[in-house]
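There are 2 protein chains.
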Amino acid sequence: MQVRRPKSDDVAARAGVSRTTVSFVLNDTPGTSISPATRERVLAAAAELGYQPHASARGLAAGRTHTLGLVLRQSPEQVAEDALLAETLRGLAAAARAERYRVLVEPYAPNDGAYGDLVRSHRTDGLVVSGPRTDDRELAGLAAAGAPVVLQGSLPGVDLPSVDVDNVGASNLAVEHLIGLGHRAIGCITNAPLTYTAAAERLQGYLAALEDAGIERHPELTAEAAFDAASGRRTMSQLLARGSLTAVFVASDVVAFGAIAAIREAGLRVPTDVSVVGFDDIPLAGFFDPPLTTIHLPAFDLGRAAGVALLDRIHGRPVNSRTVLPTELVVRSSTAPPNPRRGRSRDHPASLPAPT
Amino acid sequence: MQVRRPKSDDVAARAGVSRTTVSFVLNDTPGTSISPATRERVLAAAAELGYQPHASARGLAAGRTHTLGLVLRQSPEQVAEDALLAETLRGLAAAARAERYRVLVEPYAPNDGAYGDLVRSHRTDGLVVSGPRTDDRELAGLAAAGAPVVLQGSLPGVDLPSVDVDNVGASNLAVEHLIGLGHRAIGCITNAPLTYTAAAERLQGYLAALEDAGIERHPELTAEAAFDAASGRRTMSQLLARGSLTAVFVASDVVAFGAIAAIREAGLRVPTDVSVVGFDDIPLAGFFDPPLTTIHLPAFDLGRAAGVALLDRIHGRPVNSRTVLPTELVVRSSTAPPNPRRGRSRDHPASLPAPT
DNA sequence: GCCGGGTACTAATACGCGTTACTAACGCGC
DNA sequence: GCGCGTTAGTAACGCGTATTAGTACCCGGC
Chain B
1 MQVRRPKSDD VAARAGVSRT TVSFVLNDTP GTSISPATRE RVLAAAAELG
51 YQPHASARGL AAGRTHTLGL VLRQSPEQVA EDALLAETLR GLAAAARAER
101 YRVLVEPYAP NDGAYGDLVR SHRTDGLVVS GPRTDDRELA GLAAAGAPVV
151 LQGSLPGVDL PSVDVDNVGA SNLAVEHLIG LGHRAIGCIT NAPLTYTAAA
201 ERLQGYLAAL EDAGIERHPE LTAEAAFDAA SGRRTMSQLL ARGSLTAVFV
251 ASDVVAFGAI AAIREAGLRV PTDVSVVGFD DIPLAGFFDP PLTTIHLPAF
301 DLGRAAGVAL LDRIHGRPVN SRTVLPTELV VRSSTAPPNP RRGRSRDHPA
351 SLPAPT
Chain S
1 MQVRRPKSDD VAARAGVSRT TVSFVLNDTP GTSISPATRE RVLAAAAELG
51 YQPHASARGL AAGRTHTLGL VLRQSPEQVA EDALLAETLR GLAAAARAER
101 YRVLVEPYAP NDGAYGDLVR SHRTDGLVVS GPRTDDRELA GLAAAGAPVV
151 LQGSLPGVDL PSVDVDNVGA SNLAVEHLIG LGHRAIGCIT NAPLTYTAAA
201 ERLQGYLAAL EDAGIERHPE LTAEAAFDAA SGRRTMSQLL ARGSLTAVFV
251 ASDVVAFGAI AAIREAGLRV PTDVSVVGFD DIPLAGFFDP PLTTIHLPAF
301 DLGRAAGVAL LDRIHGRPVN SRTVLPTELV VRSSTAPPNP RRGRSRDHPA
351 SLPAPT
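So the protein sequences, as listed, match chains B and S.
Read in order, the letters of the first sequence correspond to residues 1 to 356 in this note's numbering.
Read in order, the letters of the second sequence correspond to residues 1 to 356 in this note's numbering.
Written out as structure tokens, the structure is:
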């Protein structure tokens, strides 16, 4: 038969103390002083009974659940393609664990999108919202209500602490790398529609780099992709059909993989005919053919920083309104100086087999 | 100033009913009959007050937290490289959501590995353990205690319901595909060390296919990789140095990407000189060069099936002790008939630049 | 017209349980 | 008798649910 769950009363009885004392000992409650002997007795009793406090009872009494919520505000396709999600989650979990918190993950569901209930029902003590969007009313409501929420990503005009990388600066660096190699006809494919702030920022960095170098902007050389490799392939083939370019900055490695496929299908080679710079540095970036030059994103640290900020916010400690983590240009083999012999080889018009 | 959280008492007062009735209405408690008029009044009162039950209080009273735990038993590197984790998580979350459950994710930490506390402390109502390992004492303890746990993956000898694919059959199919193309000298690189059941099973499928075709096994043509592309590159270059082969079955797409890099570095071409079949069908598989022939793994469905099984278990409904989901061979362009002209082109001994 | 017996709802009460704020006490040294 | 370091005792936090009790209403029988 099943043994009854020990409760704090049982521990108290076994240690010959009151329930209050048990609580003080087991939680190291600050501002209380318990004699070493008593503390020892309580710990021993708890260990002997295999005592585990009931999480719900604890949450009810303490008013804190020791749970952080991670809201994935991205679309399902985007989540599926996100090669860095696992690392970000690990980082968040690491930060949480350091303060005995756990992480509840809530993939956003369009028809059941009231993720604010997570805090309103005290199911979590706070939220990290990943991939925030401007059209998110829930988020505005939470911000107005003063809920403990940290953004992973950027959302101008919302008064919430955020953790992100310098998308503009990083893109700038990527494009400067291409310019430094001698490229002038440089295209840009965004990682997502421009309604996503990260996409807009990366495009902005690209434009700024061109301007700094005194290169005229050619609007026909920029286009928007949408998270996955298929969109990168589609977009790149459009770009190739539209104008002449010797390099392209693709603001996502996954999209870049699709773009490279399109470049090959057009009968061109990377980097001989077209140089490609990606963004994210997903684990597979170095194993592509050719190994992808890209911007390294500190995925784990992004998650961890968001977790730290959220925990600070929950505990009333000071929080930076904006944390910007450093990125790095990783030069591999998908970029090279432009091919002087190449005028415009459009002998193989892009033929696009449907992706399997 | 902050308005006080409404509680069920407030809803009861506003609707002019008792707290009991409020609870019955809001939870659709079976076995009770509430008149439509009363039900209406209660729902209206709750809506007007913006009432949200306190999750901890609810969990305490009901004895259920409406939370599922997902324990990632894999190593951090493995989690980072797992391109399908997001999909699996989404599937689990979808199953959970259907019964108003949420998902708490617990990446395994070696020095704080007591994930069983999640159920013992009633923090979650049950666990999905992903990537179970034979050396997991915690798991044995939970199984013995009759805790609601479902395995995602296989672990012979443990009496817990599990959800998995037929690794042996799928590998068999992959290798049969190579044999069907005319290959006889077929290598195998596992996805992980053989202590992982999935790795052992996939190797077994490979061996069975060879045996069925009457092909002698060459032990020097099999080797174990370890989750990531780097290990695939390393292992493949060893295999190439060891013996002659015209095809290789790599039991993980990520590892296969590394293997293909090694093949190229050895001056060989895929599939002309060496055909490659992968396993998993990660989102990028079709965008590799060449697009990878592989086994499609239903990642979302695996997560969902695990969730369904766990919820069934929690609610005392009958549960299949083993759920096997179908896989599929996806033929792309990394496989072709063997090259008749090729004896053994070892003119370019593998030179291995360190991965960046 | 009154009573007994259902039926259909709803009320009232108590318990489950760890934390924490508060008050009170106890022992001891001075 | 005071102060200090420790510990005890109590109540409140919240919601679900089992139990026990009504209440209101309808119906048939006398």
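Just so you know, even glycine gets a beta-carbon here, dropped at the ideal spot from N, CA and C.
Beta-carbon proximity check, residue i vs residue j, cutoff 8 Å
{"i": "Arg-332 of chain B", "j": "Thr-293 of chain B", "result": "yes"}
{"i": "Gly-91 of chain S", "j": "Gly-303 of chain S", "result": "yes"}
{"i": "Leu-178 of chain B", "j": "Thr-335 of chain B", "result": "yes"}
{"i": "Gly-141 of chain S", "j": "Gly-157 of chain S", "result": "no"}
{"i": "Asp-281 of chain S", "j": "Asp-253 of chain S", "result": "yes"}
{"i": "Gly-69 of chain S", "j": "Leu-151 of chain S", "result": "no"}
{"i": "Ala-37 of chain S", "j": "Ala-83 of chain B", "result": "no"}
{"i": "Arg-217 of chain S", "j": "Asp-136 of chain S", "result": "no"}
{"i": "Ala-198 of chain S", "j": "Val-168 of chain S", "result": "no"}
{"i": "Arg-322 of chain S", "j": "Ser-162 of chain S", "result": "yes"}
{"i": "Ala-55 of chain S", "j": "His-54 of chain B", "result": "no"}
{"i": "Ala-109 of chain B", "j": "Arg-97 of chain S", "result": "yes"}
{"i": "Ser-357 of chain B", "j": "Gly-153 of chain B", "result": "Outside the displayed range of chain B (1 to 356) lies residue 357 of chain B, so it cannot be described from this structure."}
{"i": "Val-175 of chain B", "j": "Leu-139 of chain B", "result": "no"}
Under the three-state DSSP convention, the category residue i falls into
{"i": "Gly-69 of chain B", "result": "strand"}
{"i": "Leu-297 of chain S", "result": "coil"}
{"i": "Thr-222 of chain B", "result": "strand"}
{"i": "Phe-249 of chain B", "result": "strand"}
{"i": "Ser-345 of chain S", "result": "Low local confidence applies: a pLDDT of 43 at Ser-345 of chain S is under 50, so the model's placement there is unreliable, with the coordinate-based value given in what follows. In this structure, Ser-345 of chain S counts as coil in the three-state DSSP scheme."}
{"i": "Leu-127 of chain S", "result": "strand"}
{"i": "Val-22 of chain B", "result": "helix"}
{"i": "Asp-312 of chain S", "result": "helix"}
{"i": "Val-270 of chain B", "result": "coil"}
{"i": "Leu-292 of chain B", "result": "coil"}
{"i": "Thr-323 of chain B", "result": "strand"}
{"i": "Ser-8 of chain S", "result": "helix"}
{"i": "Pro-353 of chain B", "result": "The predicted position of Pro-353 of chain B is uncertain, since its pLDDT is 47 and thus under 50; no value can be drawn from it."}
{"i": "Leu-240 of chain B", "result": "helix"}
{"i": "Val-331 of chain S", "result": "coil"}
{"i": "Val-277 of chain B", "result": "strand"}
{"i": "Asn-339 of chain B", "result": "coil"}
{"i": "Asp-117 of chain S", "result": "helix"}
{"i": "Gly-16 of chain B", "result": "coil"}
Sequence-distant residues of its chain with Cβ nearer than 6 Å to residue i (five each side left out)
{"i": "Ala-213 of chain B", "result": "Ile-179"}
{"i": "Ala-247 of chain S", "result": "Leu-178, His-183, Ile-186, Ser-275"}
{"i": "Leu-104 of chain S", "result": "Thr-67, Gly-69, Thr-124"}
{"i": "Thr-235 of chain B", "result": "Ile-189, Ala-223, Ala-225"}
{"i": "Pro-148 of chain S", "result": "Gly-126, Arg-313, Ile-314"}
{"i": "Gly-59 of chain B", "result": "Thr-65"}
{"i": "Tyr-51 of chain S", "result": "Pro-6, Val-11"}
{"i": "Ile-215 of chain S", "result": "Arg-184"}
{"i": "Ala-95 of chain B", "result": "Arg-304, Gly-307, Val-308"}
Residues near residue i by beta carbon distance below 8 Å, same chain, minus five either side
{"i": "Pro-298 of chain B", "result": "Val-165, Leu-325, Pro-326, Thr-327"}
{"i": "Val-270 of chain S", "result": "Ile-260, Ile-263, Arg-264, Val-276, Pro-290, Ser-334"}
{"i": "Pro-318 of chain B", "result": "Asp-312"}
{"i": "Ser-231 of chain S", "result": "Ala-225, Val-255, Gly-258"}
{"i": "Asp-9 of chain S", "result": "Arg-19"}
Sequence-distant residues of its chain with Cβ nearer than 7 Å to residue i (five each side left out)
{"i": "Thr-134 of chain B", "result": "Leu-155, Thr-195"}
{"i": "Ser-18 of chain S", "result": "Ala-12"}
{"i": "Val-25 of chain B", "result": "Ile-34, Arg-39, Val-42, Leu-43"}
{"i": "Ala-226 of chain B", "result": "Ala-192, Pro-193"}
{"i": "Gly-343 of chain S", "result": "Reliability fails at Gly-343 of chain S, whose pLDDT of 47 lies under 50, so the model's placement of it is uncertain and no value is given."}
{"i": "Arg-100 of chain B", "result": "His-66"}
{"i": "Asp-159 of chain S", "result": "Ala-143"}
{"i": "Pro-132 of chain S", "result": "Arg-73, Leu-139, Leu-151, Gly-153, Leu-155"}
Presumed contact (8 Å Cβ cut-off) between residue i and residue j, rounded CB distance
{"i": "Leu-329 of chain B", "j": "Ile-295 of chain B", "result": "6 Å"}
{"i": "Val-250 of chain B", "j": "Gly-278 of chain B", "result": "5 Å"}
{"i": "Pro-283 of chain S", "j": "Ala-80 of chain B", "result": "6 Å"}
{"i": "Glu-87 of chain B", "j": "Phe-300 of chain B", "result": "5 Å"}
{"i": "Leu-221 of chain B", "j": "Gly-243 of chain B", "result": "6 Å"}
- Message: Please give me, in chain order, every unbroken run of the beta strand (DSSP E) with length at least 3 that falls completely inside the stretch 182-220 of chain S.
- Response: 186-190
- Query: What are the uninterrupted segments assigned as beta strand (DSSP E) that are 3 or more residues long and contained completely in the stretch 31-107 of chain B, given in chain order?
  - Reply: 67-72, 102-107
- Taking only runs of the alpha helix (DSSP H) that begin and end inside the stretch 137-177 of chain S, which ones reach a length of at least 4 residues, in chain order? 137-144
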